[in-house]
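S.K.:
Residue numbers (my numbering): 10 to 331.
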């Protein structure tokens, strides 16, 4: 929601207790809200790269991190983003909170000592229960079902590289799960077509849990989500090839496969990686934006947190996402 203040537009989305201050997935975000978050991401990065001080917009704010030990890289990115904003970070590692019978109580208890909670865990339903009990904003680092901050980092990377989002085609080659689910919810809203192959064998087709919702979004936004029997056919004509760690040799990406991709193709890998998911010449190729992506995830976190807690006005002119 855009709030007009003294001739400028505030990009903070005012969230009431009725909607639980949540950023758990991207299902509730409309296209304009996604664009606004990406605008903030790009503005924050431009300010940092141009050595313009961000100040400490969250100075005096307390953020509690409930993190799973299984995602140490995500924890590092989140902690770095929060510290860059000047927040006082209370870090609680481990997933014991998920073992509590009354997870709403965990959310309510942490709210007493926090201005915002950043939570990661194995079970998405547990995260939703915690959010119901919280009286402060809750941001999902990643659950088994969704990874919304990763998704925003990917979109930011695409916008930087291509100068637009609408009309692009992404190929996902890798496991079903939180990354693919996030893309299914997110990409249609910004005009990106999605192809995926999540099965190591052509005779064992795989269907993501949230695919029906994604198909409905495609009808509204005139985009496509298509399953392909193998990764070779997916790559033909795509702009982006993306994957995450897996051990399926039949889905390993080799450089010669990219000959059929569009000329300006890019490769993205959501770390960590396994030895068999991509060859070194692809991972280290000049068209590989793996490290740019993971830098951009930090700015996505900063943008989401600022949007929930403060009023942030980008100086950068609004990009054309279409």
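Even for Gly, the Cβ is constructed at its ideal location relative to N, Cα and C. Predicted model, so just to flag it, every value in this text is computed and none were measured.
What does a CB cutoff of less than 7 Å around residue 107 pick up in its chain, not counting 5 residues either side in sequence?
M.R.: Along the chain shown, read from residue 1 onward, the residue named residue 107 stands at position 98. Excluding residues within five positions, the ones whose Cβ falls inside 7 Å are 130, 131, 132 and 135.
S.K.: Please classify residue 324 as buried or exposed, where buried requires at least 16 other C-beta atoms within 10 Å of its C-beta.
M.R.: On the chain shown, position 315 is the one that residue 324 refers to. The residue is exposed, with fewer than 16 neighbouring Cβ atoms inside 10 Å.
S.K.: Here's the rule: buried if 16 or more other CB atoms are within 10 angstroms of the residue's CB, otherwise exposed. What is residue 101?
M.R.: Position 92 of the chain shown, counted from the first residue, corresponds to residue 101. Answer is exposed; the Cβ neighbour count stays below 16.
S.K.: Express the C-alpha separation of residue 295 and residue 275 in angstroms, rounding to a whole number.
M.R.: On the chain shown, position 266 is the one that residue 275 refers to. On the chain shown, position 286 is the one that residue 295 refers to. Their Cα atoms are separated by approximately 9 Å.
S.K.: Starting from residue 190 and walking both ways along the alpha helix (DSSP H), at which residues does that stretch end?
M.R.: Residue numbering aside, residue 190 sits at position 181 when the chain shown is read from its first letter. Taken as a continuous stretch (DSSP letters only), the alpha helix (DSSP H) holding residue 190 covers 187-195.
S.K.: Considering only C-alpha positions, which residue in the set 117, 178 and 119 is nearest to residue 245?
M.R.: Taking the first residue of the chain shown as 1, we reach residue 245 at position 236. Out of 117, 178 and 119, 178 has the C-alpha closest to the C-alpha of residue 245.
S.K.: Return the chain-ordered list of same chain residues with a C-beta closer than 7 Å to the C-beta of residue 52, the five sequence neighbours on each side being excluded.
M.R.: What you label residue 52 is simply residue 43 of the chain shown in a count that begins at 1. The answer, listed in chain order, is 323, 324 and 325.
S.K.: Kindly indicate which three-state DSSP category residue 245 falls into: helix, strand or coil?
M.R.: Within the chain shown, residue 245 is the residue found at index 236, counting from 1. Residue 245: coil per DSSP, three-state reduction.
S.K.: If contacts are defined as beta-carbon pairs under 8 Å, then residue 90 and residue 310 qualify, I think. What distance do you get, rounded to the angstrom?
M.R.: Position 81 of the chain shown, counted from the start, is the residue given in the question as residue 90. Position 301 of the chain shown, counted from the start, is the residue given in the question as residue 310. Yes, residue 90 and residue 310 are in contact; Cβ-Cβ is about 4 Å, under 8 Å.
S.K.: For residue 253, write down the residues that DSSP places opposite it in a beta bridge.
M.R.: As a first step, residue 253 is located in the chain shown; it is residue number 244 there, counting from the start. In DSSP, residue 253 forms a bridge with 279.
S.K.: What are the boundary residues of the beta strand (DSSP E) that residue 133 is part of?
M.R.: The residue labelled residue 133 in the question sits at position 124 within the chain shown. From DSSP, residue 133 is part of no beta strand (DSSP E) but of the alpha helix (DSSP H) over 133-142.
S.K.: Report yes if the CB atom of residue 156 is closer than 8 Å to the CB atom of residue 198, and no otherwise.
M.R.: Here residue 156 refers to the residue found at position 147 of the chain shown. Here residue 198 refers to the residue found at position 189 of the chain shown. No. Outside cutoff.
S.K.: Taking Cβ to Cβ, would you say residue 321 is nearer than 8 Å to residue 50?
M.R.: For this step, residue 321 is matched to residue 312 along the chain shown. For this step, residue 50 is matched to residue 41 along the chain shown. For the pair residue 321 and residue 50, the CB atoms are not nearer than the 8 Å cut-off.
S.K.: Measure from the alpha carbon of residue 204 to the alpha carbon of each residue in 248, 114 and 86, then state which is nearest.
M.R.: Residue numbering aside, residue 204 sits at position 195 when the chain shown is read from its first letter. If you compare the alpha carbons of 248, 114 and 86 with that of residue 204, the shortest gap goes to 248.
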